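The number in this note's numbering is simply the position in the sequence shown, starting from 1, with 5 added.
Just so you know, even glycine gets a beta-carbon here, dropped at the ideal spot from N, CA and C.
Note that the structure is a prediction, hence the values are computed from the model and not measured.
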Amino acid sequence: MTKSPAKRRVLTVVMDGIGISPVTYGNAVAHAHTPNMQWLRGSAGYLELAAHGKAVGLPSDSDIGNSEVGHNALGAGRVFDQGAKLVRNAIESGSLFAGETWREAIKRVKGGNRTLHFMGLLSDGNVHSHENHLHAMLRQAKKEGVRRVRLHLLLDGRDVGEKTAEVYSARLEKLLGELNAGGFDARVASGGGRMLITMDRYEADWPMVQRGWECHVHGRGQPFPSLTAAIDEFRKDPALTDQYLPAFVITESSSGNTPCGTINDGDAVILFNFRGDRAIEISRAFTEKDFNKFDRGRCPDVFYAGMMEYDGDLKIPSRYLVDPPAIDNTLGEFLASSGVRQFACSETQKFGHVTYFWNGNRSGWFDKSIEEYVEVPSDNIRFEFKPWMKAAEICDETVKRMLAGSFDFGRINFANGDMVGHTGDFDAAVEAVSTVDLMLGRLIAAARKSGVILLITADHGNADEMFDVKPPKDGSDPYPYLPVHDRPRPKTSHTLSAVPLYIFDPNGPVTMRNDVARPGLANVANTALSLLGMAPRDVYLPSLVQGCRS
């Protein structure tokens, strides 16, 4: 085995969803008990990093960051155009509609009594999908002579406001009203909340995918005459937010019971989500002949395509509309080829982020003999009910390896700030952030004993803005004195906030550079190399520390 060239050992800690905001109103990070973060800010190397918009390859700086693009940037060391931007460009240039996959899908449904189905997340969150992409494909389908279209919609309430389904439904229904003439028949056929059906990830909850399959394919769910009627009915429960809406189907007006759009042999299905993690499992259900995760019942023979290729190694799915970013020369690959021992760990909800996304959308190891990947199984419960999640177990695994000296470069993710932040529960988010800070204290203590350098950052903001309203003009922060029912509307989406970068070297202070224009997540790769005592790479964005550590 090649001797590791690393002169020091480094652990990168990703505090998922913990951003920086000067506003304390609705800021769970500011209200949390964070003595270790406060100590790090005053006693360790500190900078603020851009984690959204163009800094992570999204179309504009009004686009919120997300965990996928954040971990891509952290591991790649530079910025690649990401899903949202790639899809927008492909639509605007016409290359999506000129591509072989789109042409084949249209060909399949134009002859005979066949249906073109679109399935995906209906919102403008621009994290997993964007409604404009669906609207453009609907217009193009009509233009090319498609006669029958059915829509299977996941409602968001997570990357956008928690009860905003009416906004996207109204815009879609308006478009359908304009298009449904001259023999074109496009209707919503089924749907439900994204955290209840279809959009599971990392095989955490296959029954969630099964519920989506039953709804979209077989038309099994609560019946309604329209999408608007379904949303109106669900709004009668004030505690029910969009991401947890039950599965529903839209019925034929003539019968009231017959689903208007089951998926049948000979149809074509396009999943219009561009982000991969929550698209892989439903894609497998449609495409794998030997699928065994649940009983699919009638399995229609369809032409299935994704907006993008969701797993480049496993080729899921085999057909897709837009080529994904070709991320090469990642930090993980370089370190493996250099003989640097690596360790990656998170719980199930973010395990793929410190492995697959960090490694440039690549599954598996570069060199299993010197890489250790540890997944801590997540609990299958709503995260506000257990906001500490698996942080302690992740910390246990990491500290054990720090003290044993088993890795040169490690990376871990604490999911709490993001997963609990998405619930909109302020009190739970405060506890989630406090939990992460408690784990930082344990890691600092272990770093002092082991000599490991800690590089602590986040992939995007979330828990730093938990109220979906502007703060009071007088700067008051009445949260501690307000009962739950009097608090502002919760915010469940990511934010445009910068994220912290703390660097703690137990052997002495770290000198941070102040000459790097708009430092961002992509600067972390070369920063890690500098801390390892290795020469920074020209292909990566500049390191944020002065010199190598030795």
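Is residue j closer than 7 Å to residue i when the C-beta atoms are compared?
| i | j | result |
| --- | --- | --- |
| Ala-252 | Gly-197 | yes |
| Ile-268 | Pro-305 | yes |
| Leu-121 | Ala-95 | no |
| Asn-467 | Asp-430 | no |
| Ala-310 | Arg-324 | yes |
| Asp-464 | Val-19 | yes |
| Ala-175 | Phe-308 | no |
| Asn-278 | Gly-125 | yes |
| Pro-392 | Ala-437 | yes |
| Ala-37 | Ser-439 | yes |
| Ile-332 | Phe-85 | yes |
| Val-550 | Ser-535 | yes |
| Ala-194 | Ile-236 | no |
| Leu-501 | Ala-78 | no |
| Asp-479 | Gly-357 | no |
| Val-379 | Glu-398 | no |
| Gly-188 | Arg-152 | yes |
| Asp-432 | Tyr-30 | no |
| Gly-99 | Ala-530 | no |
By alpha-carbon positions, which one of the options ends up nearest to residue i?
| i | options | result |
| --- | --- | --- |
| His-138 | Val-151, Arg-152, Phe-123, Thr-233 | Phe-123 |
| Ala-89 | Ile-375, Lys-59, Gly-446 | Lys-59 |
| Asp-242 | Lys-168, Met-394, Ser-48, Val-61 | Lys-168 |
| Glu-257 | Ser-100, Arg-192, Ala-273 | Arg-192 |
| Glu-97 | Pro-64, Asp-482, Ser-128 | Pro-64 |
| Asn-519 | Phe-419, Lys-148, Pro-547 | Pro-547 |
| Glu-377 | Pro-541, Val-345, Leu-276 | Val-345 |
| Glu-314 | Phe-339, Asp-295, Arg-367 | Arg-367 |
| Glu-286 | Ile-321, Ile-255, Pro-264 | Ile-321 |
| His-490 | Arg-554, Val-61, Thr-17, Ala-244 | Ala-244 |
| Lys-112 | Gly-99, His-76, Gly-150 | Gly-150 |
| Asp-473 | Pro-493, Pro-488, Asp-482, Leu-143 | Pro-493 |
| Gly-266 | Ile-255, Ile-275, Gly-369 | Ile-255 |
| Arg-155 | Ala-234, Ile-275, Arg-93 | Ile-275 |
| Thr-246 | Gly-552, Thr-532, Ser-498, Pro-524 | Ser-498 |
| Leu-127 | Tyr-173, Gly-82, Asp-205 | Tyr-173 |
| Lys-298 | Pro-212, Glu-238, Ala-540, Arg-225 | Pro-212 |
| Lys-148 | Lys-294, Leu-184, Gly-47 | Leu-184 |
| Glu-73 | Pro-524, Leu-445, Thr-360 | Thr-360 |
| Cys-400 | Ile-417, Phe-388, Asp-66 | Ile-417 |
| Val-34 | Arg-206, Asp-66, Asn-421, Phe-296 | Asn-421 |
What residue range does the beta strand (DSSP E) around residue i cover?
| i | result |
| --- | --- |
| Tyr-378 | 376–381 |
| Gln-227 | 227–229 |
| Asp-190 | 190–198 |
| Leu-556 | Any answer about residue 556 is impossible in this case: the structure gives the chain only from 6 up to 555. |
| Gly-50 | 50–54 |
| Ile-202 | Element bounds for Ile-202: n/a, residue is neither H nor E. |
| Arg-324 | No beta strand (DSSP E) contains Arg-324, which DSSP labels as neither H nor E. |
| Gly-415 | 414–419 |
Among the residues of its own chain, which have a CB less than 7 Å from the CB of residue i, if the five just before and after it don't count?
| i | result |
| --- | --- |
| Gly-337 | Gly-80, Gln-347, Trp-363, Asn-364, Phe-371 |
| Gln-209 | One detail in the question is off: residue 209 reads as Ala in this sequence, not Gln. Result list for Ala-209: Thr-353, Gln-354, Ser-383, Asn-385, in chain order. |
| Gly-104 | Leu-326 |
| Ala-503 | Gly-24, Ile-25, Glu-53, Leu-54, Ala-55, Ala-56 |
| Asp-316 | Gly-281, Ile-285, Ser-368 |
| Leu-91 | Val-327, Pro-330 |
| Asn-334 | Val-544 |
| Lys-395 | Glu-352, Val-381, Ser-383 |
Apart from the five residues just before and just after residue i, which ones in its own chain have a Cβ nearer than 8 Å to its Cβ?
| i | result |
| --- | --- |
| Ala-450 | none |
| Val-404 | Arg-447, Leu-448, Ala-451 |
| Pro-40 | Asp-442, Gly-446 |
Between which two residues does the alpha helix (DSSP H) containing residue i stretch?
| i | result |
| --- | --- |
| Leu-184 | 170–184 |
| Ser-535 | 529–537 |
| Ser-288 | 285–292 |
| Arg-216 | 211–221 |
| Ala-522 | Careful: Ala-522 lies outside any alpha helix (DSSP H) and carries neither H nor E. |
| Phe-509 | Element bounds for Phe-509: not the alpha helix (DSSP H) but the beta strand (DSSP E), 504–509. |
| Thr-233 | 232–239 |
| Gly-311 | Careful: Gly-311 lies outside any alpha helix (DSSP H), inside the beta strand (DSSP E) at 308–313. |
| Thr-267 | Careful: Thr-267 lies outside any alpha helix (DSSP H) and carries neither H nor E. |
Could you pull out every residue in the same chain whose Cβ sits closer than 6 Å to the Cβ of residue i, ignoring the five residues on either side in sequence?
| i | result |
| --- | --- |
| Leu-506 | Leu-52, Leu-54, Thr-462 |
| Gly-426 | Gly-22, Ala-434, Asn-467, Ala-468 |
| Arg-14 | Asp-413, Val-457 |
| Pro-329 | Met-313, Glu-314 |
| Arg-554 | Arg-13, Leu-536, Gly-538 |
| Leu-201 | Tyr-249 |
Do three or more CB pairs link the region 170–184 to the region 212–222 at distances below 8 Å?
no
Does the region 509–523 come close enough to the region 443–459 to have 3 or more Cβ pairs within less than 8 Å?
yes
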